[in-house]
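Student: Heads up, the sequence shown is in my numbering, so the first residue is 9 and it goes up one at a time.
One structure, as structure tokens, below. Some questions next.
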Amino acid sequence: MNELYLQDKFLIPFFRDCLGYAEVKANTVTQSLIIEEDLQEFISGTELNKKPYKNLLKKYRGNKKQLLKELIASIQERIASSRNMALFINANKSITLQGVKLHLFYTSDSVIHGNALFDENIFSVVQELPYKYSYQGKQAFSFRPDIVLFVNGIYLGYSELKNNYTNQSASKNGRGKVIKDYFEAVKVYHQHIDSNAMLSDNKKQIFRKDFLKIFEKAIHITTTDIGETFVIRTIADYFDEILSTCHERKFDREKIEKKARGVFKPYPLLKPDADKKDKLKELFAALYGKFFIEKEDFVLQLYRA
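Here you go:
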């Protein structure tokens, strides 16, 4: 059983049939980690957005592309100022553009609507997403997360899959891969941006927030091998230490990895003796179930306490 088999034969059907996610092709995701079709559908076709969207479109003289472009720019700006996507969603359930309010996320348990509006949120899953970052017109970094999640077209987080049938465990190889990818990304940031004396500190921060968002803005990053699943919510806490080892030209990933493993913890199971697939169902329902996504900001505060 390899990673692709795990995705195709179990995880993707589970996300689709049990959790209610739509599978989306990787080529529909922009470099800004937005699924534009999902975002467009949500802002123009859902209950509370239909009328304000029509009014807003008039201000753009019917130019849907320009409206979407400016909306995405505003969303990206807000994401950049949020610690992660859980806190972003909690603080930005709606957004105002040219004086018109659009909803970005519908909450559950509405006094008036119950869960009817919540059910209109569009949750999507993407396999093998090629994440690439270009600097000054040249590709500086790339990697390919196994499974990436979105809500209403907006990035949530990703999962790294490992195959314990060929001695690839989430505990060792999965956690190591996540930390290695982040370390290499920070290393590239150091080489191209941090070491550039022509850039102001503010400009460097803008580049960092854009470049490293797939790691640092995730509600969490997980790795699983069916038997175990590990979760990290605070990978950005290691940025300064990684950057320091780059400044010293030591590039000591082993030291960082050892520290990060201390918080890259196994997710606690309610039924630890269950079948492996049942364990995975429990874990992924808890981590990626729609209602759990909504509550993740609260979980994050407990985690960091």
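Each residue gets a CB set at the ideal place from its N, CA and C atoms; glycine is no exception.
Have a look at phenylalanine 300 and arginine 269 and give me their C-alpha separation to the nearest angstrom.
Tutor: Here residue 300 refers to the residue found at position 292 when the sequence shown is read from its first residue. Here residue 269 refers to the residue found at position 261 when the sequence shown is read from its first residue. Straight-line Cα distance between these residues: approximately 24 Å.
Student: If I measure Cβ to Cβ from arginine 152 and keep anything under 8 Å in the same chain, skipping five residues before and after, which residues do I get?
Tutor: Translated into the one-based positions of the sequence shown, residue 152 becomes position 144. So the list reads Glu136, Leu137, Pro138, Tyr139, once near-sequence residues are dropped.
Student: Cα separation between isoleucine 42 and proline 274?
Tutor: Counting from 1 along the sequence shown, the entry for residue 42 is found at position 34. Counting from 1 along the sequence shown, the entry for residue 274 is found at position 266. Using only the alpha carbons, I get a separation of about 29 Å.
Student: Using the rule of at least 16 other Cβ atoms within 10 Å of the residue's Cβ for burial, across every protein chain shown, is valine 119 buried or exposed?
Tutor: Taking the sequence shown and counting its residues from 1, the one referred to as residue 119 is at position 111. Exposed, because fewer than 16 other Cβ atoms sit within 10 Å of the Cβ of valine 119.
Student: Under the three-state reduction of DSSP, which class applies to lysine 263: helix, strand or coil?
Tutor: Locating residue 263 in the sequence shown gives position 255, counting from the first residue. Helix.
Student: When you compare each of Pro60, Leu105, Glu55, Gly70 to glutamate 78 by their alpha carbons, which one comes out closest?
Tutor: By one-based count along the sequence shown, residue 78 stands at place 70. Nearest option by C-alpha distance: Leu105.
Student: Going residue by residue through the region 200-251, where are the continuous beta strand (DSSP E) segments of at least 3 residues, counting only ones entirely within it?
Tutor: Runs found: 229-232, 237-240.
Student: Assess, as a yes-or-no matter, whether the region 71-86 is touched by the region 44-52 under the definition of 3 or more beta carbon pairs within less than 8 Å.
Tutor: Flag = yes, the region 44-52 and the region 71-86 touch.
Student: So the candidates are Asn35, Glu192, Lys211, Ser102; which of them puts its Cα closest to the Cα of threonine 253?
Tutor: The residue you call residue 253 lines up with position 245 of the sequence shown. Threonine 253 has its Cα closest to that of Glu192, out of Asn35, Glu192, Lys211, Ser102.
Student: Looking only at its chain, what residues have a beta carbon closer than 7 Å to the beta carbon of histidine 111, apart from the 5 residues adjacent to it on each side?
Tutor: Within the sequence shown, numbered from 1, the residue matching residue 111 stands at position 103. Contacts found: Leu56, Asn57, Lys101, Ser102.
Student: Measuring only the C-alpha atoms, how far is threonine 231 from arginine 69?
Tutor: Numbered from 1 along the sequence shown, position 223 holds the residue referred to as residue 231. Numbered from 1 along the sequence shown, position 61 holds the residue referred to as residue 69. The alpha-carbon atoms of threonine 231 and arginine 69 are separated by roughly 46 Å.
Student: For the candidate residues Tyr163, His228, Ser177, Ile250, whose alpha-carbon lies nearest to that of tyrosine 190?
Tutor: Taking the first residue of the sequence shown as 1, we reach residue 190 at position 182. Comparing Cα positions, the closest option is Ile250.
Student: May I ask which residues mark the beginning and end of the alpha helix (DSSP H) holding tyrosine 190?
Tutor: Here residue 190 is taken as the residue at index 182 of the sequence shown, counted from 1. Element bounds for tyrosine 190: 183-197.
Student: With burial defined as no fewer than 16 other Cβ atoms inside 10 Å of the residue's Cβ, what is the status of asparagine 160: buried or exposed?
Tutor: Taking the first residue of the sequence shown as 1, we reach residue 160 at position 152. Buried: at least 16 other Cβ atoms inside 10 Å.
Student: Between the Cα of isoleucine 264 and those of Ala244, His228, Lys217, Lys66, spot the shortest distance and give me the residue it belongs to.
Tutor: In the sequence shown, the residue the question calls residue 264 occupies position 256. Considering only alpha carbons, the answer is Ala244.
Student: How many angstroms separate the CA atom of phenylalanine 223 from the CA atom of aspartate 202?
Tutor: Here the question's residue 223 lines up with position 215 in the sequence shown. Here the question's residue 202 lines up with position 194 in the sequence shown. In a straight line, the C-alpha of phenylalanine 223 is about 18 Å away from that of aspartate 202.
Student: Using the Cα positions of aspartate 25 and glutamine 199, report the straight-line distance between them to the nearest angstrom.
Tutor: Locating residue 25 in the sequence shown gives position 17, counting from the first residue. Locating residue 199 in the sequence shown gives position 191, counting from the first residue. Answer to the nearest angstrom: the Cα atoms are 44 Å apart.
Student: I need the straight-line Cα distance from isoleucine 87 to phenylalanine 96, nearest angstrom please.
Tutor: The residue labelled residue 87 in the question sits at position 79 within the sequence shown. The residue labelled residue 96 in the question sits at position 88 within the sequence shown. Taking the straight line from one Cα to the other gives about 6 Å.
Student: Just verifying my parser: in three-state terms, what is the DSSP assignment at glycine 53?
Tutor: Numbered from 1 along the sequence shown, position 45 holds the residue referred to as residue 53. It is helical.
Student: Which complete alpha helix (DSSP H) runs does the region 29-115 hold, if anything under 4 residues is left out?
Tutor: Counting whole runs of 4 or more residues, the region 29-115 contains the alpha helix (DSSP H) stretches 44-53, 58-67, 72-88, 93-99.
Student: Ordered along the chain, which non-local residues of its own chain (more than five positions away) have a Cβ less than 7 Å from that of arginine 183?
Tutor: The residue labelled residue 183 in the question sits at position 175 within the sequence shown. The residues are Thr231, Phe238, Arg269, Phe272.
Student: Among the residues of its own chain, which have a CB less than 7 Å from the CB of phenylalanine 22, if the five just before and after it don't count?
Tutor: Here residue 22 refers to the residue found at position 14 when the sequence shown is read from its first residue. Taken in chain order, the residues that qualify are Lys289, Phe292.
Student: Is the beta carbon of lysine 185 closer than 7 Å to that of alanine 178?
Tutor: In the sequence shown, residue 178 corresponds to position 170, counting from 1. In the sequence shown, residue 185 corresponds to position 177, counting from 1. No.
Student: Pick helix, strand or coil for leucine 164, following the three-state DSSP scheme.
Tutor: Position 156 of the sequence shown, counting from 1, holds the residue named residue 164. DSSP places leucine 164 in strand when its eight states are reduced to three.
Student: With a Cβ-Cβ cutoff of 7 Å, do asparagine 92 and isoleucine 227 count as a contact?
Tutor: By 1-based counting over the sequence shown, the position of residue 92 is 84. By 1-based counting over the sequence shown, the position of residue 227 is 219. Contact flag set, yes.
Student: Going by beta carbon distance, what residues of the same chain come within less than 8 Å of leucine 278, once the five residues before and after it are set aside?
Tutor: As a working note, residue 278 is residue 270 in the sequence shown. These residues qualify, in order along the chain: Glu290.
Student: Which partner residues does lysine 146 have in the DSSP bridge list?
Tutor: As a working note, residue 146 is residue 138 in the sequence shown. Lysine 146 is bridged to Tyr143.
Student: Considering only C-alpha positions, which residue in the set Lys62, Gln147, Gln176, Ser132 is nearest to phenylalanine 158?
Tutor: By one-based count along the sequence shown, residue 158 stands at place 150. Checked all of Lys62, Gln147, Gln176, Ser132; the closest Cα to phenylalanine 158 is Ser132.
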